[in-house]
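Chains as they are written, first to last, in my numbering: chain D, 23 to 136; chain P, 20 to 133.
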């Protein structure tokens, strides 16, 4: 079983739709959770960073963590064509310093159609 | 503040050759991590350097190596290239000391092995 599972999609939605992206994980040591957005031929760009279970909101983006279920989600409200990208979940057991490495899901390819 | 830069952006090599990729972190960042991204495996952690020392290592063969210089710039070397080494190689930088840190990624070097 992979440490992090993410449905690769592709996911295609109309503009304005609410998008839900999800990852599950098996390593209970993971405590820090991130969502990255990667446009074609670019490096990943950090979108959201969460530590505890619960919700964190930033503009149109909401990250949700449920540690008891080992499940994280990213919601995008009022999706725009510019949101079309690959979304990667990432997690780590440590928050920084030594032994800090990210374990990624494979990414979900999202297309928002105008 | 300038972001993470990687050179070259694109590279074509043949099997058996070796290659060196370069990464300049964000000014002030002392930690540089390297990741390999392929369609099949996604983003996988290679290694991390901090203050010229390899601090963390992923599960890659010894053909993959790296180093970091006193100005925090890092190089990654792959010897005896195989077809399966074709990938996007990403480096990410972070402060390297504090907790709740995030990693910032460069645009990547796309390597094609023929």
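By construction, the Cβ of each residue, glycine as well, lies at the ideal position given by its N, Cα and C atoms.
C-alpha of residue 91(P) to C-alpha of residue 99(D): approximately 39 Å in a straight line.
For residue 27(D), the enclosing beta strand (DSSP E) starts and ends at 26-28. Residue 100(D) sits in coil when the DSSP states are folded into three classes, being neither helix nor strand. The residues 100, 132 and 133, in chain order, have a CB closer than 8 Å to that of residue 33(P) in the same chain once the five nearest residues on each side in sequence are set aside. Only those residues of the segment 80-94 of chain D whose C-beta falls short of 7 Å from the nearest C-beta of chain P would be listed, and there are none. Separation of residue 49(P) and residue 71(D) (C-alpha to C-alpha, rounded to the nearest whole angstrom) is 21 Å. Taken in chain order, the complete alpha helix (DSSP H) segments of 4 or more residues contained in the segment 28-55 of chain P number zero; there are none. Partner residues in the beta bridge of residue 132(D), as assigned by DSSP, are 33(D) and 107(D).
Using a C-beta cut-off of 8 Å, the segment 58-75 of chain P makes contact with the segment 83-90 of chain P, since at least three inter-stretch Cβ pairs fall below that distance. Residue-level contact check: residue 126(D) touches chain P, since one or more beta carbons of chain P fall below 8 Å from its beta carbon. Of all alpha-carbon atoms in 62(D), 63(D), 79(D) and 75(D), the one lying nearest the alpha-carbon of residue 69(D) is that of 79(D).
Using a Cβ-Cβ cut-off of 9 Å, residue 110(D) is close to 61 and 62 of chain P, given in chain order. In the three-state reduction of the DSSP assignment, residue 65(D) falls in the coil class.
Residue 42(D) and residue 97(D) have their C-alpha atoms roughly 5 Å apart.
Residue pairing for residue 59(D): DSSP places it in a beta bridge opposite 67(D) and 109(D). Under the three-state reduction of DSSP output, residue 62(P) falls in the strand class. Listed along the chain, the chain P residues whose CB falls inside 7 Å of the CB of residue 65(D) are 109, 124, 125, 126 and 127.
Residue-level contact check: residue 78(P) does not touch chain D, since none of the beta carbons of chain D fall below 8 Å from its beta carbon.
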